[in-house]
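Data first, discussion second: the structure below is written as structure tokens.
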Amino acid sequence: MECVPCLCRCVDARSRRCLIVKKRFVLKISGELLWYRESLERLIDKVVELSKYVYFVLVPGGSVFADLVRELQSELGLSDFVAHWMAIKSMEVYGVYVASLHDALVSVSSLWEVSKVWSVKKVPVLLPYEVLKRHGGELPCSWSVTSDSLAVYIGYLLHVDSVLLSKVVDGIVDERGNLLHVIKVSEFSGKIDVVDEYVPKLVSELKVPTVVFNGLKPWLLNHLIRGEEGSYTILLP
């Protein structure tokens with residue numbers, strides 16, 4: 447098998463053999479893409495195309511389903527604990543929809559199933575409730591922890607090379623509206639309001655490189671999987 451430049455990690459140099467270890471990425475599917483069906487389908491098509499070279503795990507956002515939970519919490523007086531886990535369940539509702547958009551997508555509910563789906567050359571859509579019930583107890587039950595932070599945490603559990611957070615904006619901007627291409631979160635004192643407020647903490651503490659990019663521009667994935675700078679924001683620990 448021939449190496450694809452920049453898309454694999456080659457080891458065993460002493461034997462001069464190239465043992466290909468494909469890079470791994472968590473890609474969070476923005477809940478707002480629910481309203482952009484054609485763009486979402488193009489993003490999924492690009493993911494499937496590039497899955498020949500790298501591994502993707504898709505993590506769904508909460509979309510309107512999480513918004514409903516937030517409204518119900520206010521109306522019914524739900525505790526933060528209950529609302530948190532209901533919101534995670536709402537991600538699974540959106541995930542079922544996302545998985546229906548392409549035959550190469552397979553919904554899974556555990557970490558070991560991710561590798562199983564990769565082994566048959568398909569793309570897993572992780573329905574996160576059971577995984578986070580088992581592994582995510584240290585995360586606060588708060589609206590400061592949304593699907594953005596959960597995607598970063600899942601990326602940490604899966605030891606991915608990077609977490610890609612799709613949005614319907616190009617990334618994080620400064621006070622003048624200029625796109626910030628690279629932010630070192632441990633040194634950054636500006637406002638990061640495109641992602642939830644817990645993301646910088648996780649990126650810093652768990653050492654998970656994270657990218658905020660425009661999901662309406664699926665061709666950006668070609669650059670993202672190579673670790674190149676571009677029209678998006680890279681968050682570094």
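Using the numbering used here, count along the sequence shown one by one with no gaps and you end on 683.
A virtual CB, placed ideally from N, CA and C, is assigned to each residue, including glycine.
Where residue i falls, given that 16 or more other Cβ within 10 Å makes a residue buried
| i | result |
| --- | --- |
| valine 560 | buried |
| glutamate 675 | exposed |
| lysine 630 | exposed |
| phenylalanine 562 | Correcting the residue identity first, residue 562 is lysine in this sequence and not phenylalanine. By the neighbour-count rule (16 or more Cβ atoms within 10 Å), lysine 562 is not buried but exposed. |
| lysine 469 | buried |
| serine 612 | buried |
| glutamate 538 | buried |
| proline 574 | buried |
| serine 546 | exposed |
| serine 536 | buried |
8 Å CB neighbourhood of residue i in its chain, flanking five on each side removed
| i | result |
| --- | --- |
| proline 655 | Asp607, Ser608, Val609, Val649, Ile680, Leu681, Leu682, Pro683 |
| valine 544 | Ile475, Leu486, Ile490, Leu504, Pro506, Leu551, Val571 |
| valine 510 | Gly477, Leu480 |
| glutamate 521 | none |
| valine 542 | Ser553, Leu573 |
| phenylalanine 634 | Pro646 |
Member of the options whose CA lies at the smallest distance from the CA of residue i
| i | options | result |
| --- | --- | --- |
| valine 494 | Asn660, Asn668, Tyr678 | Asn668 |
| tryptophan 481 | Lys568, Val645, Gly507 | Gly507 |
| valine 645 | Leu596, Leu666, Leu603 | Leu596 |
| tryptophan 558 | Ile600, His548, Gly541 | Ile600 |
| serine 565 | Val467, Leu666, Tyr678, Asn624 | Val467 |
| histidine 530 | Lys653, Leu625, Gly583 | Gly583 |
| serine 677 | Ser632, Lys647, Asn624, Lys492 | Asn624 |
| lysine 492 | Val569, Gln519, Pro586 | Val569 |
| serine 525 | Tyr501, Val598, Ser588 | Ser588 |
| tyrosine 540 | Arg483, Lys579, Gly523, Phe502 | Arg483 |
| histidine 605 | Leu518, Pro586, Lys653, Gly523 | Lys653 |
| valine 500 | Glu651, Lys567, Arg622 | Lys567 |
Beta-carbon contacts of residue i that lie in its chain and below 6 Å, excluding the five residues immediately before and after
| i | result |
| --- | --- |
| lysine 498 | none |
| leucine 489 | Gly661, Pro664 |
| histidine 627 | Glu675 |
| alanine 533 | Gly508, Ala512, Val515 |
| phenylalanine 502 | Phe471, Leu473, Val493, Val569 |
Same chain, Cβ closer than 7 Å to residue i, five either side skipped, listed in chain order
| i | result |
| --- | --- |
| serine 556 | Glu576, Val577 |
| aspartate 594 | Lys474, Leu611, Val641, Asp642, Val645 |
| histidine 581 | Leu603 |
| glycine 636 | Asp620 |
| tyrosine 496 | The sequence shown places leucine at residue 496, rather than the tyrosine named in the question. Within the same chain, leucine 496 has close Cβ partners Leu667, Ile671. |
| isoleucine 638 | Ile618, Pro646 |
| serine 590 | Asp642, Glu643, Tyr644 |
| serine 632 | Ser650, Pro683 |
DSSP bridge partner residues for residue i (one or two, in chain order)
| i | result |
| --- | --- |
| proline 570 | Val552 |
| threonine 656 | Val609, Leu681 |
| leucine 625 | Val619 |
| proline 664 | Answer is none; proline 664 lacks a bridge partner. |
| tyrosine 599 | None; tyrosine 599 has no bridge partner. |
| isoleucine 475 | Pro506 |
| tyrosine 644 | Bridge partners of tyrosine 644: none, in fact. |
| tyrosine 501 | Arg470 |
| lysine 630 | Leu682 |
For residue j and residue i, believed in contact at Cβ under 8 Å, the rounded distance
| i | j | result |
| --- | --- | --- |
| isoleucine 671 | phenylalanine 471 | 7 Å |
| glycine 673 | valine 640 | So it is not a contact: roughly 20 Å between Cβ atoms. |
| glutamate 478 | valine 614 | 5 Å |
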